[in-house]
Amino acid sequence: MDLFLQQLPTLLGVVVGALGSYLALVRSDQARFRREEAARWEERRLAVYSDYARSVKKTVTVTYRIAAELGCGTHPDPLPLEEARPLLAEANAGRDPSGEALLMLGSVDVVDRARAWVVTVMEMERYVREGGRDPEAWQALLVRQRAGREGYYTAVREDLGLPPGHSARWRLPVTEPVPDQR
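Here it is in structure tokens:
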């Protein structure tokens with residue numbers, strides 16, 4: 653019995669060390685799982701945010717083309733409204749599922765900014781469907797749409813913890829007309 657009592661502190665040290673190692677491993681695994689789970693949700697949110705932006709941009713692009721046909725815009729591929737109707741319907745049908753996913757996974761701020769952006773896009777669509785031909789009114793809608801898009805992207809970047817991004821306002825060089833050299 654005397655030998656057992658001499659070995660008892662060593663045995664207790666081994667048990668306490670094993671238990672401590674086990675608890676440290678469990679906590680480490682739990683922390684890794686939480687990090688991986690958070691990363692998976694971030695990836696999903698980024699995919700939802702991107703899908704929604706793409707779906708809204710489809711409508712924007714079609715309205716740009718119609719506006720060019722109406723004489724309000726400068727898109728290089730003008731499109732008559734009658735030919736654009738199926739494209740608008742397709743864009744709207746695609747926006748609904750991506751909007752539902754956005755509502756499920758998006759932060760409150762991102763969803764609010766998305767709504768502000770899409771409301772302006774819907775106004776652009778109504779404008780071209782009604783045959784609007786006022787270039788100044790169209791330009792005002794474009795300014796609001798670009799601000800809405802910028803607000804949406806800013807909210808997305810903040811939600812995902814990304815640094816500020818580009819405003820997407822491309823400054824195109826002013827080109828001078830080429831003189832006629834006959």
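Residues 653 to 834 in the numbering used here are what the sequence shown lists, from first letter to last. Just so you know, even glycine gets a beta-carbon here, dropped at the ideal spot from N, CA and C.
Check                                                                                          : Outcome
Residue from V712, G665 and E782 with nearest C-alpha to W769                                  : V712
Residue from Y674, S673, A691 and Q797 with nearest C-alpha to D811                            : A691
Separation of R747 from G758, as counted between CA atoms                                      : 15 Å
For S750 and E695, the rounded distance between their alpha carbons                            : 15 Å
Alpha carbon of D681 to alpha carbon of R809, nearest angstrom                                 : 29 Å
Cα-Cα separation between L814 and P661, rounded to whole angstroms                             : 53 Å
Nearest to Y779 (by Cα), restricted to the options G817, I718, Y704 and E734                   : I718
Reduced DSSP secondary structure (H/G/I, E/B, other) of E694                                   : helix
7 Å Cβ shell around T715 - same chain, five flanking residues per side excluded                : M776, E777 and V780
Complete runs of the beta strand (DSSP E) confined to the region 656-686 [at least 3 residues] : none
Bounding residues of the alpha helix (DSSP H) (the contiguous stretch that carries R823)       : Careful: R823 lies outside any alpha helix (DSSP H) and carries neither H nor E.
Span of the alpha helix (DSSP H) around T806                                                   : P787 to L812
Three-state secondary structure assigned by DSSP to M776                                       : helix
Distance between L793 and L740 (C-alpha atoms, nearest Å)                                      : 17 Å
Cβ-based burial, T726 [other Cβ within 10 Å; buried from 16]                                   : exposed
Own chain, CB closer than 7 Å to K710, minus 5 neighbours either side, in chain order          : A743 and G746
First through last residue of the alpha helix (DSSP H) which encompasses D748                  : L733 to L757
Between the CA atoms of T772 and R798 - distance to the nearest angstrom                       : 9 Å
Nearest-angstrom Cα separation, counted from M653 out to G665                                  : 19 Å
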